[in-house]
Structures are given as C-alpha cells and as structure tokens.
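Chains as they are written, first to last, in this note's numbering: chain A, 13 to 125; chain B, -16 to 94. Each residue gets a CB set at the ideal place from its N, CA and C atoms; glycine is no exception. Keep in mind that this is a model prediction, so the values were computed, not measured. Here the structure is laid out as structure tokens; the discussion comes afterwards.
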Amino acid sequence: DAGVTQSPTHLIKTRGQQVTLRCSPKSGHDTVSWYQQALGQGPQFIFQYYEEEERQRGNFPDRFSGHQFPNYSSELNVNALLLGDSALYLCASSLKGDWGIQYFGAGTRLSVL
Amino acid sequence: QKEVEQNSGPLSVPEGAIASLNCTYSDRGSQSFFWYRQYSGKSPELIMSIYSNGDKEDGRFTAQLNKASQYVSLLIRDSQPSDSATYLCAVTSGGSYIPTFGRGTSLIVHP
C-alpha cells in the first residue's frame, strides 16, 4: 500500500523564482492538504483540495496556489519566492469525513537563497 | 484566532518513566484532538486521536481530554529512548475539520 509520496525531496531556489512541488496521496484517499513547517514550529495549514477544488485555505498569500488532478494528486506552486519561504513543505492526504486524520508525506525541503 | 499551545521543552525523562505531554487550546467548540509524533528530519505520524472527555489508551500511550478545561494530554508509560521525538498536538474545530497544530514538545528519553 503506497503511502503519500512527494517530490522533489530537496530544492534550492533564489529569491523571485517560482517553484512547483508535487504530491501523490495514499491509495484510496481523495483529499490533499499542504502545510508549511518552519524549523521548531508546527505545521501551518496552507490549503486543502477535494474534488479538484480548493476546499479550505489558511492564512497564506496568493503567491501560494495549488491544483488537484483527477487522480487526486496535487501540486503546490509558489511564485516570487522570498527568503521566508524557506521551510519544509508537507503534503498530507485524508478521506472525506475523516479530514482530521492526516497521513503525511516525507516532505520537500525548500531553501530560498 | 484558534490557538493550540504546547511547551516546546525539551522534556527529559529517564528510560522506564512516564512522560507527560500537555496541550491547551483556545476554541471551546473544538471537536477532535490528535497527537502526532515527529522524529527529527521526518514527517509527522499520527499516534492517537480522541474525541470525547476522558481517557483513551493504546498500548503504552494514553490520551486524556478535558473539554471544560480545554486541555488534552498524552502520557507515555515505560518511556524508551526510541520515544525521543517531537510530539505535536492538533485540534479541529468548526465545520472545516482542518487540524490546527501546536509547535510541538520535544521529548528526550535518556538511558
């Protein structure tokens, strides 16, 4: 049973660039959420996708956008990167009706120089 | 703003002792409560969920919920060095069912 997979594992970008992160949910799951985790902090909710629509959004600027595909996989896009965007980006999958229980991928470590 | 508060620690306990981790939350309407464990450099993994007042036991882990006092705790009995990790408390409220995470408590179990 494949768990949540994310790519790439590490990424180095410079300020102003754009980045795309990818996520495949756990088999059978239909919902994907994205989190940003800074060092020493808990995961901060970015947004959640269900049925290819953004269902809920956290307190992040419009530079953060996403997409969910018909096979439930998802992308997170960040435009105009800032130094403060350096963090671990976590994808989590869940099932409708049980959204509180999140299964996390290994994450993508983004460094912005 | 919904807040979940945890002492960042580190909490240091000897092997075989009981580790007690605490979490408070601000939204009185919170419905579901979770404990995740995160090893250094790894992603969080769910270890316990609790939805009603009282205790819930799973092996060496016991989650305790007190909605009147707005706190949830996690007890780890017979702590092992392999339990050394950061423990994240997460709470859902309202109709969104999106968990809000605390910053986590670092637990160190020393031999």
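I believe residue i touches residue j by the beta-carbon criterion, under 8 Å. Please report the beta-carbon distance rounded to the nearest angstrom.
| i | j | result |
| --- | --- | --- |
| Ala133/A | Tyr115/A | For residue 133/A there is no data in the structure shown, the boundaries of chain A being 13 and 125. |
| Ser47/B | Asp38/B | Per the sequence shown, residue 47/B should be read as Gln rather than Ser. Between Asp38/B and Gln47/B the Cβ distance is about 5 Å, and since that is below 8 Å, they are a contact. |
| Thr43/A | Leu107/A | 7 Å |
| Gly87/B | Gln14/B | The Cβ separation is near 21 Å, so there is no contact. |
| Gly77/B | Gly12/B | 7 Å |
| Leu90/B | Ala0/B | Not a contact, Cβ separation roughly 11 Å. |
| Gly117/A | Ser26/B | 6 Å |
With distances taken from CA atoms, which of the options is nearest residue i?
| i | options | result |
| --- | --- | --- |
| Gly96/A | Thr32/A, Pro73/A and Thr17/A | Pro73/A |
| Ser19/A | Leu88/A, Ser106/A and Gly112/A | Leu88/A |
| Ser67/B | Asn36/B, Ser32/B, Ile81/B and Tyr19/B | Tyr19/B |
| Met31/B | Gly24/B, Phe17/B, Ser23/B and Lys25/B | Phe17/B |
| Ile58/A | Val31/A, Ser77/A and Gly52/A | Ser77/A |
| Thr9/A | Tyr62/A, Val90/A and Pro82/A | Residue 9/A lies beyond the stretch modelled for chain A, which goes from 13 to 125, so this question has no answer here. |
| Gly119/A | Ala14/A, Thr21/A and Gly15/A | Thr21/A |
| Leu58/B | Arg43/B, Glu(-12)/B and Leu29/B | Arg43/B |
| Arg121/A | Ala14/A, Leu23/A and Phe81/A | Leu23/A |
| Gln56/A | Gly24/B, Thr45/B, Glu(-12)/B and Pro82/B | Pro82/B |
| Gln34/A | Ser123/A, Trp111/A and His79/A | Checking the sequence shown, residue 34/A turns out to be Arg, not Gln. Considering only alpha carbons, the answer is His79/A. |
| Gln63/B | Asn49/B, Glu(-14)/B, Glu28/B and Val92/B | Val92/B |
| Thr69/B | Glu(-14)/B, Val(-13)/B, Lys(-15)/B and Leu4/B | Leu4/B |
| Pro94/B | Thr75/B, Gly85/B and Asp61/B | Asp61/B |
| Glu14/A | Thr26/A, Lys25/A, Arg27/A and Pro37/A | Reading off the sequence shown, one finds Ala at residue 14/A, where the question assumed Glu. Ranking Thr26/A, Lys25/A, Arg27/A and Pro37/A by Cα distance to Ala14/A puts Pro37/A first. |
| Asn83/A | His41/A, Asp110/A and Gln60/A | His41/A |
| Tyr101/A | Val(-13)/B, Gly24/B and Thr45/B | Gly24/B |
| Ile85/A | Arg69/A, Glu65/A and Ser123/A | The sequence as given places Ser at residue 85/A; Ile does not occur at that position. The residue with the shortest Cα to Cα distance from Ser85/A is Glu65/A. |
| Leu29/B | Cys72/B, Lys(-15)/B and Ser65/B | Cys72/B |
Taking 7 Å as the CB-CB limit, is residue i close to chain D?
| i | result |
| --- | --- |
| Ser15/B | Looking for chain D here will not work: the only protein chains present are A and B. |
**Request:** Count the C-beta pairs between the stretch 51 to 60 of chain B and the stretch 6 to 16 of chain B that are closer than 8 Å, then say yes if the count reaches three, no if not.
**Result:** Counting Cβ pairs under 8 Å, three or more are found: they touch.
**Request:** Please name the residues in the stretch 41 to 72 of chain B whose beta-carbon is closer than 7 Å to at least one beta-carbon of chain A, in chain order.
**Result:** Leu71
**Message:** For the stretch 97 to 125 of chain A, list every residue whose C-beta sits within 7 Å of some C-beta in chain B, in sequence order.
**Reply:** Leu102, Trp111, Gly112, Ile113, Gln114, Phe116, Gly117, Ala118 and Gly119
**Request:** Could you list the residues in the stretch 78 to 92 of chain B with a C-beta less than 8 Å from some C-beta on chain A, going in chain order?
**Result:** Ser79, Tyr80, Ile81, Pro82, Thr83, Phe84, Gly85, Arg86 and Gly87
**Message:** Would you call the stretch -12 to 6 of chain B in contact with the stretch 33 to 49 of chain A, where contact means no fewer than 3 C-beta pairs closer than 8 Å?
**Reply:** Contact between the stretch -12 to 6 of chain B and the stretch 33 to 49 of chain A is absent, because fewer than three Cβ pairs lie under 8 Å.
**Message:** Give me the subset of the stretch 20 to 35 of chain B whose CB atoms are less than 8 Å from a CB atom of chain A, sorted by chain position.
**Reply:** Lys25, Ser26, Pro27, Glu28, Leu29 and Ser32
**Request:** Note down, in chain order, all residues in the stretch 50 to 61 of chain A with a beta-carbon under 9 Å from any beta-carbon belonging to chain B.
**Result:** Shown in chain order are the members of the stretch 50 to 61 of chain A whose Cβ falls below 9 Å from a Cβ of chain B: Gly52, Gln53, Gly54, Pro55, Gln56, Phe57 and Gln60.
**Message:** So within the stretch 43 to 91 of chain B, which uninterrupted alpha helix (DSSP H) runs reach at least 4 residues, ignoring any that extend past its ends?
**Reply:** none
**Request:** Write down every uninterrupted run of the beta strand (DSSP E) in the stretch 48 to 109 of chain A whose length is 3 residues or greater and which is fully enclosed by it, in chain order.
**Result:** 56 to 62, 65 to 69, 76 to 80, 86 to 90 and 99 to 106
**Request:** Residues of the stretch 57 to 88 of chain A with a CB closer than 7 Å to any CB of chain B: list them in chain order, please.
**Result:** Phe57, Gln60 and Gln68
**Message:** My parser needs the beta strand (DSSP E) runs of 3 or more residues fully inside the stretch -1 to 48 of chain B; what are they?
**Reply:** Within the stretch -1 to 48 of chain B, the complete beta strand (DSSP E) runs of at least 3 residues are 2 to 8, 13 to 21, 28 to 33 and 37 to 41.
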